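Peer 1: Residues 7 to 250 (the working numbering) are what the sequence shown spells out, left to right. Using N, Cα and C, we set each Cβ at its ideal position, and we do this for glycine too. Predicted model, so just to flag it, every value in this text is computed and none were measured.
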Amino acid sequence: MLNLITPIWPAPPQVKAYSTTRYGGYSKAPYNGLNLADHVGDEAVAANRALLVQSLQLPSEPVWLKQVHGIHTVTASPTHTNCAADASIATQTGQVCVVLTADCLPVLFCDRAGSCVAAVHAGWRGLAGGILEATLQRLNVPAQDILVWLGPAIGPQAFEVGEEVRTAFMDFLPQAADAFIRTRNAHWLADLYLLARQRLAHQGVTAVFGGDFCTYMDIERFYSYRRDKVTGRMASLIWLNGKK
Numbered sequence: 007m008l009n010l011i012t013p014i015w016p017a018p019p020q021v022k023a024y025s026t027t028r029y030g031g032y033s034k035a036p037y038n039g040l041n042l043a044d045h046v047g048d049e050a051v052a053a054n055r056a057l058l059v060q061s062l063q064l065p066s067e068p069v070w071l072k073q074v075h076g077i078h079t080v081t082a083s084p085t086h087t088n089c090a091a092d093a094s095i096a097t098q099t100g101q102v103c104v105v106l107t108a109d110c111l112p113v114l115f116c117d118r119a120g121s122c123v124a125a126v127h128a129g130w131r132g133l134a135g136g137i138l139e140a141t142l143q144r145l146n147v148p149a150q151d152i153l154v155w156l157g158p159a160i161g162p163q164a165f166e167v168g169e170e171v172r173t174a175f176m177d178f179l180p181q182a183a184d185a186f187i188r189t190r191n192a193h194w195l196a197d198l199y200l201l202a203r204q205r206l207a208h209q210g211v212t213a214v215f216g217g218d219f220c221t222y223m224d225i226e227r228f229y230s231y232r233r234d235k236v237t238g239r240m241a242s243l244i245w246l247n248g249k250k
């Protein structure tokens with residue numbers, strides 16, 4: 007049986023969204039559970055993906071992306087499956103947007119009217135490079151009408167980075183300094199959740215929910231690349247159901 011996370015946010019009823027955990031599935035060690043990434047050498051992924059589709063009664067196969075830590079966005083359609091991108095957007099019912107993560111930040115978007123959704127893979131490079139801004143531009147919805155949910159990612163007590171990461175964010179937004187705590191010479195603990203909230207607020211988006219997970223610390227529920235190196239991936243999915 008799958009153990010799914012349902013976002014707590016005021017999305018309209020036709021917007022359906024979930025994040026998976028590592029519970030359930032057919033993967034064996036070191037991917038134990040519901041690994042959904044087909045690029046890590048796990049033979050059980052196809053069966054796990056089929057289980058996900060069946061368990062959630064998805065209206066279509068999710069549009070799996072080839073994530074590259076960039077800022078390219080695509081429309082969620084079968085023609086874009088395995089496309090090199092880090093965000094997908096849907097305005098039609100039945101098209102399932104999905105991203106895979108195991109420390110990076112999954113970000114789900116919808117508008118208050120329930121006319122569009124998006125799933126974003128935001129590692130620090132994509133976040134600093136502008137993947138959230140690129141997604142907002144593609145959605146083309148007034149900022150006050152956007153809702154955002156921040157899914158399971160590495161928490162601020164576990165994500166140590168170098169000076170180049172801090173500089174990349176502060177060059178764009180000086181207040182990003184608030185998201186970094188110095189640990190040792192030229193090393194900092196970074197708060198991905200706060201960095202995402204800052205970037206969204208800079209675009210006028212303040213209805214932001216979630217952001218209280220830590221993939222690194224929560225060994226039972228989540229995969230973590232930084233913790234385990236060889237590991238699986240969780241999925242964060244969102245789609246328009248067509249039925250309000």
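Output needed for residue 205: all residues of its chain with C-beta closer than 6 Å, excluding positions within five of it in sequence on either side, in chain order.
Peer 2: Your numbering for residue 205 matches position 199 in the sequence shown. Around residue 205: 138.
Peer 1: Let's test the definition: count the other Cβ atoms within 10 Å of the Cβ of residue 240 and tell me whether it reaches 16, buried, or not, exposed.
Peer 2: To locate residue 240, count along the sequence shown from 1; it is residue 234. Looking at its Cβ environment, which holds 16 or more other Cβ atoms inside 10 Å, residue 240 is buried.
Peer 1: For a test of the three-state rule: what should DSSP assign to residue 130, helix, strand or coil?
Peer 2: Here residue 130 corresponds to residue number 124 of the sequence shown, with the count starting at 1. Here residue 130 sits in helix by DSSP.
Peer 1: Using 10 angstroms around the beta-carbon of residue 250, count the other beta-carbons present and answer buried if the total reaches 16, otherwise exposed.
Peer 2: Taking the first residue of the sequence shown as 1, we reach residue 250 at position 244. Since pLDDT at residue 250 reaches only 47, below the 50 mark, its modelled position is unreliable, and the value read off the structure follows with that caveat. The residue is exposed, with fewer than 16 neighbouring Cβ atoms inside 10 Å.
Peer 1: Would you tell me roughly how many angstroms separate the C-alpha atoms of residue 39 and residue 62, rounded to the nearest one?
Peer 2: Within the sequence shown, numbered from 1, the residue matching residue 39 stands at position 33. Within the sequence shown, numbered from 1, the residue matching residue 62 stands at position 56. Roughly 17 Å between the two C-alpha positions.
Peer 1: Would residue 246 and residue 21 qualify as a contact pair, given that the criterion is a beta-carbon distance under 8 Å?
Peer 2: By 1-based counting over the sequence shown, the position of residue 246 is 240. By 1-based counting over the sequence shown, the position of residue 21 is 15. Result yes, Cβ atoms of residue 246 and residue 21 sit closer than 8 Å.
Peer 1: Just to confirm the assignment, what range does the beta strand (DSSP E) spanning residue 166 have?
Peer 2: Position 160 of the sequence shown, counting from 1, holds the residue named residue 166. That run of the beta strand (DSSP E) goes 166-168.
Peer 1: Exposed or buried, what is residue 53 when buried is set at 16 or more other beta-carbons lying within 10 Å of its beta-carbon?
Peer 2: Counting from one through the sequence shown, the residue named residue 53 turns up at place 47. Residue 53 should be labelled exposed.
Peer 1: For residue 188, which residues from the same chain have a beta carbon less than 6 Å from its beta carbon, with the 5 sequence-adjacent residues on both sides left out?
Peer 2: Your numbering for residue 188 matches position 182 in the sequence shown. Correct list, in chain order: 194.
Peer 1: Using CA atoms only, rank isn't needed, just tell me which of 225, 114, 151 and 119 is closest to residue 92.
Peer 2: Stepping through the sequence shown from its first residue, residue 92 is reached at position 86. Comparing Cα positions, the closest option is 114.
Peer 1: Taking the C-alpha atoms as reference points, what is the distance between residue 122 and residue 79?
Peer 2: One-based indexing of the sequence shown puts residue 122 at position 116. One-based indexing of the sequence shown puts residue 79 at position 73. Roughly 14 Å separates the two Cα atoms.
Peer 1: Flag this pair as yes or no: are the beta carbons of residue 128 and residue 237 separated by less than 8 Å?
Peer 2: Counted from its first residue, the sequence shown places residue 128 at position 122. Counted from its first residue, the sequence shown places residue 237 at position 231. No. Outside cutoff.
Peer 1: Assign residue 250 to one of three DSSP states: helix, strand, or coil.
Peer 2: Here residue 250 corresponds to residue number 244 of the sequence shown, with the count starting at 1. Caution applies to residue 250, whose pLDDT of 47 falls short of 50 and renders its modelled position unreliable; the model cannot decide the point.
Peer 1: May I ask which residues mark the beginning and end of the alpha helix (DSSP H) holding residue 51?
Peer 2: Numbered from its first residue, the sequence shown carries residue 51 at position 45. Looking at the DSSP string, the run of the alpha helix (DSSP H) that includes residue 51 is 51-62.
Peer 1: How would you call residue 77, buried or exposed, if buried means at least 16 neighbouring beta carbons within 10 angstroms?
Peer 2: In the sequence shown, the residue the question calls residue 77 occupies position 71. Classification for residue 77: buried.
Peer 1: Please state the DSSP three-state secondary structure of residue 16.
Peer 2: Position 10 of the sequence shown, counted from the first residue, corresponds to residue 16. DSSP places residue 16 in coil when its eight states are reduced to three.
Peer 1: Can you give me the start and stop residues for the beta strand (DSSP E) that residue 189 sits inside?
Peer 2: As a first step, residue 189 must be located in the sequence shown, where it is residue number 183. Note, residue 189: beta strand (DSSP E), 186-190.
Peer 1: Verify the contact flag: residue 173, CB atom, against every heavy atom of the ligand GDP, threshold strictly below 7 Å.
Peer 2: Ligands in the displayed structure: none, and consequently the ligand GDP is not present.
Peer 1: List the endpoints of the continuous beta strand (DSSP E) containing residue 213.
Peer 2: Numbered from 1 along the sequence shown, position 207 holds the residue referred to as residue 213. It is not in any beta strand (DSSP E) - residue 213 carries neither H nor E in the DSSP assignment.
Peer 1: Run through the DSSP bridge pairs and tell me what residue 29 is partnered with.
Peer 2: Locating residue 29 in the sequence shown gives position 23, where the first residue counts as 1. Paired residues: none, contrary to the question.
Peer 1: For the beta strand (DSSP E) that residue 117 lies in, which residues bound it at each end?
Peer 2: Position 111 of the sequence shown, counting from 1, holds the residue named residue 117. 111-117 is the extent of the beta strand (DSSP E) around residue 117.
Peer 1: What residue range does the alpha helix (DSSP H) around residue 87 cover?
Peer 2: Locating residue 87 in the sequence shown gives position 81, counting from the first residue. Counting along the chain, residue 87 falls outside any alpha helix (DSSP H), and DSSP gives it neither H nor E.
Peer 1: Looking only at C-alpha atoms, which of 221, 117 and 141 sits nearest to residue 16?
Peer 2: Counting from one through the sequence shown, the residue named residue 16 turns up at place 10. Nearest of 221, 117 and 141 to residue 16, Cα basis: 117.
Peer 1: Look at the alpha carbon of residue 72 and the alpha carbon of residue 105, and state the distance between them as a whole number of angstroms.
Peer 2: To locate residue 72, count along the sequence shown from 1; it is residue 66. To locate residue 105, count along the sequence shown from 1; it is residue 99. Cα to Cα, residue 72 sits roughly 9 Å from residue 105.
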